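J.: Residue numbers (the numbering used here), protein chains in the order written: chain R, 1 to 325; chain G, 326 to 826; chain H, 827 to 1152. Glycine residues also receive a C-beta, built at the ideal position from the N, C-alpha and C atoms. Owing to the predicted nature of the structure, the values given are computational and were not obtained by experimental measurement. One structure coming up, written as structure tokens, with questions to follow.
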Amino acid sequence: MKASIRNDPHFRPLVILAACIVLLSAVDWGQWRFLSAATPFSTLQTFANIGLVALGLGLTMMIREFDLSVVGMFGLAGCVAVMTGAAHPWFGIACAIAIGLAAGIIQGLIMVRFALGSVGVTLGGLLTFVGLAHVLTENRSVPYDNFRVALLVNEPFAGLLSVRSGVSLAIFAVVALTFGFTRLGRDIIAIGSDRRAAMIAGVNVDAFIVGIFAFSGVCAAATGALLSYSLASASPAGLSDVLVPAAAAAILGGVSLGGGSGRPLGIATGALVLAVLRSGLNAVEAPPFVNDIAMGAILLTVAIGDGPYLMRRLRQLAARERTDR
Amino acid sequence: MPEVLSVEGLGKSYTGVRALHDVSFSLGSGEIRGICGENGAGKSTFVKILMGITQPDSGSIRIAGRARDIPGPRQAQGMGLGIVAQELSLAPHLSILDNIWLGSAGVPLLHRRQALRERAQKALDALGVGDWDLNGRVGALTMGQRQIVEIARLLARDTQVLILDEPTATLSDSEIERILAVLRELKAQGRSVIYISHRLGEIFELCDTVTVFRNGECVATKPVQEVSREGLIELMLGRPFDEMYPQHHANPDARNALVIERLTVPGMVHDFSAVAPRGKILCVAGQIGSGAAMVTRAAAGLLPDAIGRLTLDGKTLRLGSVPHCVARNVFFLSEDRASEGLFPPMKVLDNLVATRLYAHAPLGVLSWRALRRIATDLAERVGVDRNRLGTAAVNLSGGNQQKLLFGRTLERTEPGVLLMNEPTRGIDVGARAEIYRLMRRLCDLGYALVMTSSDLEEVVGIADIVVTMYRGRTVARYEGERIAMSTILADITHPAEQAAR
Amino acid sequence: MTGKGDTVRGTREMSMPLAPDWRLLPTAVRAVVIVALTVACVATPGFFSLPNILSLLTTVSFMGCVAVGMTLITISGNIMSFSLGATAGAAAMVFIVAVNIGGIGIGLIAALAVAALVSAAQGFAVGWVRANPIIVSIAAVALIYGTAEIFTRHSSIYFKPGTGIEILRGKLGGVPLEFVVLLCVTAAGQFILYLTRFGRNLYMMGSSFRAAEAAGVKTWRTVTGAYLWAGAFTGLAGVMLAIRYDGANMDYGVGYEYDAIAAVLVGGTLMKGGHGSALRTLAGAMIIAIVQAMLLLRGFRQEWQYLFTGLIVFAVILLHSSGERR
């Protein structure tokens, strides 16, 4: 039983989460900056910034693809929402999500129709979306004048949540339930595990690819739009540093790039780890680079730990030591 | 016998290349039909069309008397067609249960797992493996067990026509026996089977009728009682068949050899010792998982945790380092040519000289003129058309690809050692004889050859020395006249009974 | 196995006369692209003016050097490195600091060494344990920016007066020095790829990792080597950026990795590895730079450049796939 827990990739994010909380508490000991009532709220706010993007990206990683375009869509959707949603915020959100959906579907169809890898296609998508954002905003930062909405989306309710984090958590819950209790989850794992096999077994692989990229586009768009509302402005260049945390969250959450593992709750935990880290470091007033370095170090460690040749190399080193002796 | 599947005038071309031409075929219920043909004869295109993976250019398909289009695997499933493909269609990360139901059209989005579990259990029971854990991960099963899961999937879907594409290529003999028994049972239930195999023995043992494909056409369909083994080979080749295995020659130099002493690979090979003299072919025979393939891999330096002592002509060979082995002219030819042998998109030229760049790169700078000359020479030696040096290796036939890999090992300052796993897997009958002749030529040059094979006929036909293995341990060693199919088969399947006798 | 056999038959029999010969498609596309670009350039007033050409050659050089480096990584089968842009920024800053301390020579050595080592370290992680190249390079981005932040606190740094850096802003035979560097880098890249054992090993690894391993290629050294060269070439780009803009901050490198991979793709190097060349990448970089310069001259503002680059990448990828399929 113990061994099975240790080998379960979904157990890892919980360990890292616990380690982060313990470490931050220790740093903060006695000062009650990290261990304060404000921390959970700010943690969830940060979670709302990256969680859904990580979910979309993570799902593409689960089927052994990689959606680079989330970065571009994140920024583009923010600009679109701010520009169209001044009078009717719902309309702005709808526009942003429609664009995310359309972009995801188009990219997915291109991959399926022309049998292309996702990195190339979504790189094209990324550059195109960033370009569109620049063109639409004429290279300027666009203010969002509807301050009532800006305040509303960040307004705390139920002590912990805001509209943004509530939406994120709700979507996570829906996706996690769908993944766990319907055929879809196992089909996705099967596609990631062996795509050709899944196809021959009768899984409609093409539909899944298009669907997952569409979902990823929607996630990035919704997050970008809500974040831009909450910041009361959008700029084409200002939102581009979402790829690192999103990929990190997915990887931390147990999504393996070799495919065949990962689940939505794991990604949520991964995103939570990064959110705790960031808001915790803010709370204890650590300089900003600590967060970058911590995130990079964690990501690198996990990447090396997941390296398929790690055990083989270590054994080689051990063997060399034996012969030297 | 009522007809369950019939095909009329099927044709398929890939941008001008004819893969299948005017194929007509019909299958009765309760019939087991063998399909034979060389690689490239159109068998797999035919199967792909039946499964809806590829669409035909012309012709019609009737299933149970009704004309049907098969746009995809899902639709084929709905029509009662199911395939066990050469490369299996199981997701290794999922459980047996999930794999049995994977992609099944009968599973609604929201479903009751318990009902599925019961039906899957019933399918396993029918195959005589009711004791398997449905929650066990497929990744942990052997190839033979996975094949049975595939068949269970087809049973659970109530498949009427089962297509098996080279199901036994990677199986051990006992696993093959089980599969054949299962197929006979299915036949008794009135289901039909299309059985594609390179192994003629199985065709004769199992099938009622056999269809031969050649050059994309269906050249004959006959009851198996009416054809002889040689007759079948001639139908496949389209020409008379001459002796497959060349004569053995005397051993030129018995002192020099590759000596393997106490080779151990944790969990796979235990204390293996053998001598592979230059000029002879040593064959390590064993089922999949017996460790035979690991012996060659370990000797080639591909397994870092192997321990033991290897010497070549008296000088020690370091374990666990491929570059060191290559430097000593010890080469490995994988059973998996496509992913562990060839550089598919690279030119034939690049492929031929891949292991000799070191010798022609003073200070790391290559001399292309010398390399080109060598490649031309090598192509001629192994019988690959020299005009094709510029084509991508992926475009060569299986036999030519294998010759290419042999070419890499030739023309050395001194003859080396060849470690081969399944040297003729997936290679058709015609090219196979050429490969055997090539192996003998290498022996004459003073190479030491070590090979593994799951094809016992091949083992008996080509080997000078046979070492049999069972579950990682050596069972016995035979040489010359003492090599016999029955004892080898007994050794690699039931060594305990053998010892008791 | 049998599936491949099916395609083999055709090469023996040769194709039917009426079927279109797909092998000519790439050549045809190349011809069309060259003609179209030439026509568009001629039709664009001011395109062949000296200032425009000079600025084109200068701007293409920064991205081009990174792209040639990226080519090595792509060919080795490791898709792309996200950290090259950050590496260029870091190299620019190291260069300035080192020049201010010890002069141009020291600066050059320090900048190239730092860039090469930072990249080679990632190559080592990718090659030795086969860690995922995309994730490793994303992690490296965070680490590089974080580390730079410690030293600079997000500010720019400048050359001290009197370092003599101005002489490096000149021209050589009327050609901007940057472009000369790019040509040298391309030549070096091409030399490495075609005429060295290391280069051929890169192709082998890219086309089949396991086959390369079984053929005795020292895989982790080869991967580390690819990243090392990529880092060194990127370092040169960083140095040139610092010289050209007379200062540096970490933002200078932002986006170069995307431009570079776009150039690699537009040049026709395949994402899956084992295929491509430095010359192709140079051509790809030139195409992107020419289109961008033309857009500027035709009154499109800078913001349109990204969009067009994205569309070009899309177009090239689609063309590739239709040319590849049989």
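Against chain H, does residue 194/R count as a neighbour if the rule is that its beta carbon must be under 8 Å from one of theirs?
T.: So, not an interface residue.
J.: State yes or no: is the beta carbon of residue 1127/H nearer than 8 Å to at least one beta carbon in chain R?
T.: Yes, because at least one Cβ of chain R sits closer than 8 Å to the Cβ of residue 1127/H.
J.: Please list the segments of the alpha helix (DSSP H) lying wholly inside the segment 1035-1105 of chain H, counting only runs of 4 or more residues, in order along the chain.
T.: Qualifying alpha helix (DSSP H) stretches, in chain order: 1035-1040, 1045-1071 and 1082-1092.
J.: Check whether the Cβ atoms of residue 953/H and residue 1022/H sit closer than 8 Å, and answer yes or no.
T.: Taking 8 Å as the Cβ cut-off, residue 953/H and residue 1022/H do not qualify as a contacting pair.
J.: List, in chain order, every chain H residue whose beta-carbon is nearer than 8 Å to that of residue 126/R.
T.: Per Cβ cutoff of 8 Å: 1084 and 1136.
J.: On the criterion of 16 or more Cβ atoms from any shown chain inside 10 Å, does residue 460/G qualify as buried, or is it exposed?
T.: Counting Cβ neighbours within 10 Å, residue 460/G comes out exposed, since fewer than 16 surround it.
J.: Can you tell which of 123/R, 305/R and 182/R has the C-alpha that lies nearest to the C-alpha of residue 1144/H?
T.: Ranking 123/R, 305/R and 182/R by Cα distance to residue 1144/H puts 123/R first.
J.: Could you tell me whether the Cβ atoms of residue 201/R and residue 414/G are closer together than 8 Å?
T.: Against a cut-off of 8 Å, the Cβ pair of residue 414/G and residue 201/R comes out as a contact.
J.: Using the three-state DSSP reduction, which class does residue 890/H fall into: helix, strand or coil?
T.: Correct three-state label for residue 890/H: helix.
J.: Identify which residue in 155/R, 302/R and 58/R has its Cα closest to the Cα of residue 955/H.
T.: When each option's Cα is compared against that of residue 955/H, the closest is 302/R.
J.: Could you check whether the Cβ of residue 572/G sits closer than 8 Å to any Cβ belonging to chain R?
T.: Answer no: the Cβ-Cβ gap between residue 572/G and chain R never drops below 8 Å.
J.: Span of the alpha helix (DSSP H) holding residue 308/R?
T.: Careful: residue 308/R lies outside any alpha helix (DSSP H) and carries neither H nor E.
J.: Is residue 669/G close to chain R, meaning its C-beta is less than 8 Å from at least one C-beta of that chain?
T.: Not closer than 8 Å to any Cβ of chain R, the Cβ of residue 669/G fails to qualify, so no.
J.: Relative to chain B, which residues along the segment 1016-1043 of chain H have a C-beta separation below 7 Å, given in chain order?
T.: The structure shown contains no chain B; its protein chains are R, G and H.
J.: Mind checking residue 927/H: buried by the 16 CB within 10 Å criterion, or exposed?
T.: Exposed: under 16 other Cβ atoms inside 10 Å.
J.: Just checking, does the segment 618-637 of chain G make contact with the segment 668-675 of chain G on the three C-beta pairs under 8 Å criterion?
T.: Flag = no, the segment 618-637 of chain G and the segment 668-675 of chain G do not touch.
J.: Hey, does residue 186/R have any beta-carbon neighbour from chain G nearer than 8 Å?
T.: Closer than 8 Å: yes.
J.: Out of 314/R, 270/R and 142/R, point me to the one whose CA is closest to residue 52/R's CA.
T.: Out of 314/R, 270/R and 142/R, 270/R has the C-alpha closest to the C-alpha of residue 52/R.
J.: Give me the chain H residues within the contact set of residue 313/R, using Cβ-Cβ distance strictly less than 8 Å, ordered along the chain.
T.: Here the neighbours are 954 and 955.
J.: Do residue 142/R and residue 235/R have their CB atoms nearer than 8 Å?
T.: Yes, the pair counts as a contact, with Cβ atoms nearer than the cut-off.
J.: Considering only residues of the segment 392-441 of chain G, which uninterrupted beta strand (DSSP E) runs meet the minimum length of 3 residues and lie entirely inside it, listed in chain order?
T.: With a minimum length of 3 residues, the continuous beta strand (DSSP E) runs that stay inside the segment 392-441 of chain G are 406-409.
J.: Could you give the distance in angstroms between the alpha-carbon of residue 274/G and the alpha-carbon of residue 427/G?
T.: In the structure displayed, chain G extends from 326 to 826; residue 274/G sits before or after that span and is not available.
J.: Going along the chain, which residues of the segment 366-395 of chain G sit with their C-beta nearer than 9 Å to a C-beta in chain H?
T.: So the list reads 366, 367, 368, 369, 370, 372 and 373, given in the order they occur along the chain.
J.: Go ahead and pull the three-state DSSP assignment for residue 597/G.
T.: Strand at residue 597/G.
J.: Rounded to whole angstroms, what's the CA-CA distance from residue 93/R to residue 81/R? Just pull it up for me.
T.: Cα-Cα distance, rounded: 6 Å.
J.: To the nearest angstrom, how far is it from the Cα of residue 467/G to the Cα of residue 416/G?
T.: Cα-Cα distance, rounded: 14 Å.
J.: Strictly below 8 Å CB to CB, what residues from chain H border residue 157/R?
T.: Those within 8 Å of residue 157/R in chain H number zero; the least Cβ separation is about 33 Å.
J.: Under three-state DSSP, which class holds residue 532/G?
T.: Three-state result, residue 532/G: coil.
J.: So within the segment 49-134 of chain R, which uninterrupted alpha helix (DSSP H) runs reach at least 4 residues, ignoring any that extend past its ends?
T.: Entirely contained in the segment 49-134 of chain R, the alpha helix (DSSP H) runs reaching 4 residues are, in chain order, 70-84 and 89-114.
J.: If we count Cβ pairs, one from each stretch, closer than 8 Å, do we get three or more for the segment 499-511 of chain G versus the segment 521-539 of chain G?
T.: Yes, they touch.
J.: Below 8 Å, how does it come out for the segment 292-302 of chain R and the segment 956-971 of chain H: are there three or more Cβ pairs, yes or no?
T.: Yes: at least three Cβ pairs fall under 8 Å.
J.: Give the residues of chain G in contact with residue 63/R, contact being defined as C-beta atoms less than 9 Å apart.
T.: Within 9 Å Cβ-Cβ: nothing; residue 63/R doesn't reach chain G, min ~12 Å.
J.: To the nearest whole angstrom, what separates the beta carbons of residue 889/H and residue 1089/H, a pair I think is in contact under 8 Å?
T.: Between residue 1089/H and residue 889/H the Cβ distance is about 6 Å, and since that is below 8 Å, they are a contact.
J.: Nearest to residue 1104/H by CA position, among 1015/H, 951/H, 1004/H and 979/H, is which residue?
T.: Comparing Cα positions, the closest option is 1015/H.
J.: Can you tell which of 109/R, 66/R, 50/R and 106/R has the C-alpha that lies nearest to the C-alpha of residue 222/R?
T.: Here the closest residue by C-alpha is 50/R.
J.: Quick check on this structure: which residue in 855/H, 867/H, 995/H and 860/H has the alpha carbon closest to the alpha carbon of residue 1119/H?
T.: When each option's Cα is compared against that of residue 1119/H, the closest is 867/H.
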